[in-house]
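Going by this note's numbering, the letters in the sequence shown line up with residues 51 to 708, in that order.
Think of the CB as a built atom: it goes at the ideal place given N, C-alpha and C, for glycine as much as any other residue.
Written below as structure tokens is the structure these notes are about.
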Amino acid sequence: MSRQELLQSYIESGLRAHNQGNIGSAREAYQHALAVAPNDPNAMQLLGVALLQLGQPEQAVDFLERAARKLRDNAGVVGNLAQAYFALGRYAQAHDAFRKANRLDPRDMHYQLGIATSLALQGKLADAEAVLRRMSVRFPQEALVWFNLGNTQRDQRRAEDALASYRKAVELAPHLADARNNLAGVLHGLLRFEEAEREYRACIELAPDYAIARCNLVSVLIDLGRFSEAETLCREMIKLEPNVGLAHTLLGAALGHQGRLVEALACHRVAAQVSPRDVKVIETYAGGLADLGYFSEALRWFSRALALNPDSVPAHQMLYTALLSHGCFSEGWLEYGYRSARERFQQKYADIALSRTLPSALNGKHICVLREQGLGDEIYFLRYAPLLQAAGARVTYRASNKIRSLLTRVAEIAEVLAETAPLPPADTIILVGDLPHAFSAYPASALPSTRSTAVDIGPRDVPRRVSVFWPQVPAPLALAPLAERITQIRGRLARAGTPPYLGLTWQGGTPPHEQNTAVWTLYKRIGIPLLAAAVKDFPGTFIALQRNPSASELAALSADLGRPLHDFTDLNEDLEGMLALLAVIDEYIGVSNTNMHLRASVGKTARVLVPCPAEWRWMARGRESPWFPGFPIYRQSSQGDWSAALAALKQDLAACRT
Numbered sequence: 051m052s053r054q055e056l057l058q059s060y061i062e063s064g065l066r067a068h069n070q071g072n073i074g075s076a077r078e079a080y081q082h083a084l085a086v087a088p089n090d091p092n093a094m095q096l097l098g099v100a101l102l103q104l105g106q107p108e109q110a111v112d113f114l115e116r117a118a119r120k121l122r123d124n125a126g127v128v129g130n131l132a133q134a135y136f137a138l139g140r141y142a143q144a145h146d147a148f149r150k151a152n153r154l155d156p157r158d159m160h161y162q163l164g165i166a167t168s169l170a171l172q173g174k175l176a177d178a179e180a181v182l183r184r185m186s187v188r189f190p191q192e193a194l195v196w197f198n199l200g201n202t203q204r205d206q207r208r209a210e211d212a213l214a215s216y217r218k219a220v221e222l223a224p225h226l227a228d229a230r231n232n233l234a235g236v237l238h239g240l241l242r243f244e245e246a247e248r249e250y251r252a253c254i255e256l257a258p259d260y261a262i263a264r265c266n267l268v269s270v271l272i273d274l275g276r277f278s279e280a281e282t283l284c285r286e287m288i289k290l291e292p293n294v295g296l297a298h299t300l301l302g303a304a305l306g307h308q309g310r311l312v313e314a315l316a317c318h319r320v321a322a323q324v325s326p327r328d329v330k331v332i333e334t335y336a337g338g339l340a341d342l343g344y345f346s347e348a349l350r351w352f353s354r355a356l357a358l359n360p361d362s363v364p365a366h367q368m369l370y371t372a373l374l375s376h377g378c379f380s381e382g383w384l385e386y387g388y389r390s391a392r393e394r395f396q397q398k399y400a401d402i403a404l405s406r407t408l409p410s411a412l413n414g415k416h417i418c419v420l421r422e423q424g425l426g427d428e429i430y431f432l433r434y435a436p437l438l439q440a441a442g443a444r445v446t447y448r449a450s451n452k453i454r455s456l457l458t459r460v461a462e463i464a465e466v467l468a469e470t471a472p473l474p475p476a477d478t479i480i481l482v483g484d485l486p487h488a489f490s491a492y493p494a495s496a497l498p499s500t501r502s503t504a505v506d507i508g509p510r511d512v513p514r515r516v517s518v519f520w521p522q523v524p525a526p527l528a529l530a531p532l533a534e535r536i537t538q539i540r541g542r543l544a545r546a547g548t549p550p551y552l553g554l555t556w557q558g559g560t561p562p563h564e565q566n567t568a569v570w571t572l573y574k575r576i577g578i579p580l581l582a583a584a585v586k587d588f589p590g591t592f593i594a595l596q597r598n599p600s601a602s603e604l605a606a607l608s609a610d611l612g613r614p615l616h617d618f619t620d621l622n623e624d625l626e627g628m629l630a631l632l633a634v635i636d637e638y639i640g641v642s643n644t645n646m647h648l649r650a651s652v653g654k655t656a657r658v659l660v661p662c663p664a665e666w667r668w669m670a671r672g673r674e675s676p677w678f679p680g681f682p683i684y685r686q687s688s689q690g691d692w693s694a695a696l697a698a699l700k701q702d703l704a705a706c707r708t
């Protein structure tokens, strides 16, 4: 057999294996062909394609480059070289190669798709979109064109345009699972959870083994508050795909939302073992460790997450929660700059030049402080305003209208603006939530460097400074109720019953089924029967202070108490009246809400029911928080059990009567 015949025999053998899907055998045949004819361009390009399909682009690119130099006018060879560059992340070279292939064969739309995708992955989204728009005119019936156009629009945060493009792709190719998944993802991001669920389910029906779509379905079920259903789907998915780390993370999330934190942490640990380089998995595991009090270990895993992605906002947000909860205030307030409220404010008021620091010398300076969060947060952070005034600064505060009248009586604040008032000239404009960082007495101890190219798999030790009691945290902002409102409230209480008076709150935040958001906000609740059993022996008059309770809740609590529950809940819309009430009543028991901050501001204490995991201002452990001195804390266990906390509450109430 001649050399040429032997070469052709090996190539034909390789092509047969290739067509049968036996890529390994095809590679061996092409290698034999090159051994016979080392410079044969067809053997080079076929071997390059086989290596590319075997996931070896580094080796493939060498053979494809050599083949392309010999077969300069072969669009297929140049296109395969472009694919190899693409697989290596060499997007600029891929773009150039796709352009050359397109010049050689302008009728093949896949080369134009390659041009657009290469541009998009270089961050040139507008250029990529322009290419795809031209393609949509030339190839209007090609679903892949509309699918990729939707991707560029989605990545430019033009959700409605992306929806239209994805819908067109699905219309043209109903079985294109990726288009349905991405369509659902945009709906999900728009908080159109029910529509997203339908599309995710349609995608899974088309591709039952599509793990990402299954994970996305679980995620939207969690956002819908259907935690038990999400748990079931996760367990089914893990049976089929045990090595998908995100599935274990989502199972942990579903369990955590049901209060099963210990089980959740076990899931997050498995996820970290399965997917040690997945930032979402690692940061979630770190957060779970912190929630259950494994603080040192949590910090090491946060360091790992930030080494993988130093710009991960969720990692920074969970980190500040962990740091503040465990008394690392300097570091915590530094990380608090990543809070969602600050980002939303900056997006809404991009023209305001905000600072996170204060002038080194405050005497004679005008500091304009702006609200950015809820009422309770305003009151909480304004404890730092007197420090500004004591240092000689003039303080202007732009408040929410609901609380403005209370703040006009605070001597340390020179002027209180309405929430939409124009800002006056000032030396510094700062958000109220940034005041603690601005007043941090010590520099934060940095996490280990996160910019190195080599990332260790294991967690790291993290230096930190603990400063719970030194420097001492500022006292709550003092608020003075109006004398006439005190008189009115005393009369109303007298008509309700005899003293002592006990105020009750059993819920704070938005219930899960009402949280129409992809980012869960804090929700605190204790069951009405449990609360009633702990306080029913109190000898005085019960006052309901719950914001927006249902009539059935009020009736149920009254029935469980075995006595009348007097409805003062209207005062949640009249903070002058609520402030007066909280200054007068003898006891206040409940979960954390705005009223707890008002109670502290009138110099009174309350008994706080703190769910697990605790909100950071109530600290991760302890009977008191340094932010609320004198407030006894009754903590839910990590297993979701309130029995020990409520037994202690009942005992403490009884001791107060003796």
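Residue i, DSSP secondary structure in three states
| i | result |
| --- | --- |
| residue 577 | coil |
| residue 402 | coil |
| residue 681 | coil |
| residue 464 | coil |
| residue 658 | strand |
| residue 617 | strand |
| residue 275 | coil |
| residue 120 | helix |
| residue 54 | helix |
| residue 189 | coil |
| residue 298 | helix |
| residue 255 | helix |
| residue 473 | coil |
| residue 587 | coil |
Anticipated Cβ contact below 8 Å, residue i with residue j, distance rounded
| i | j | result |
| --- | --- | --- |
| residue 396 | residue 404 | 7 Å |
| residue 445 | residue 438 | 5 Å |
| residue 555 | residue 595 | 5 Å |
| residue 662 | residue 241 | Wrong, their Cβ atoms sit about 28 Å apart, outside the cutoff. |
| residue 448 | residue 473 | 7 Å |
| residue 451 | residue 471 | Not a contact, Cβ separation roughly 10 Å. |
| residue 345 | residue 372 | 7 Å |
| residue 534 | residue 483 | Wrong, their Cβ atoms sit about 33 Å apart, outside the cutoff. |
| residue 412 | residue 442 | 6 Å |
| residue 201 | residue 152 | The Cβ separation is near 19 Å, so there is no contact. |
| residue 615 | residue 604 | 6 Å |
Top-ranked residue by Cα proximity to residue i, from the options
| i | options | result |
| --- | --- | --- |
| residue 318 | 634, 230, 307 and 339 | 339 |
| residue 759 | 286, 194, 304 and 624 | No answer is possible for residue 759: it lies beyond the span of the chain, which begins at 51 and ends at 708. |
| residue 368 | 276, 670 and 337 | 337 |
| residue 278 | 632, 307 and 122 | 307 |
| residue 330 | 479, 304 and 362 | 362 |
| residue 704 | 635, 584, 248 and 644 | 584 |
| residue 589 | 678, 477, 155 and 706 | 706 |
| residue 260 | 239, 248 and 294 | 294 |
| residue 179 | 654, 211, 248 and 388 | 211 |
| residue 485 | 603, 382, 576 and 536 | 382 |
| residue 465 | 418, 426 and 425 | 418 |
| residue 722 | 683, 164, 177 and 391 | Since the first residue shown for the chain is 51 and the last is 708, residue 722 is missing from the structure and cannot be characterised. |
| residue 358 | 326, 578 and 609 | 326 |
| residue 729 | 86, 586, 116 and 78 | A question about residue 729 goes unanswered here, because the residues of the chain that appear run from 51 up to 708. |
DSSP bridge partner residues for residue i (one or two, in chain order)
| i | result |
| --- | --- |
| residue 487 | The partner list for residue 487 (beta bridge, DSSP) is empty, contrary to what the question assumes. |
| residue 553 | 593 and 638 |
| residue 481 | 420 |
| residue 447 | 419 and 466 |
| residue 675 | 678 |
Residue i and residue j closer than 7 Å at C-beta
| i | j | result |
| --- | --- | --- |
| residue 124 | residue 99 | no |
| residue 102 | residue 134 | yes |
| residue 230 | residue 253 | yes |
| residue 701 | residue 692 | no |
| residue 384 | residue 688 | no |
| residue 284 | residue 297 | yes |
| residue 539 | residue 648 | no |
| residue 696 | residue 580 | yes |
| residue 489 | residue 434 | yes |
| residue 91 | residue 121 | yes |
| residue 527 | residue 642 | no |
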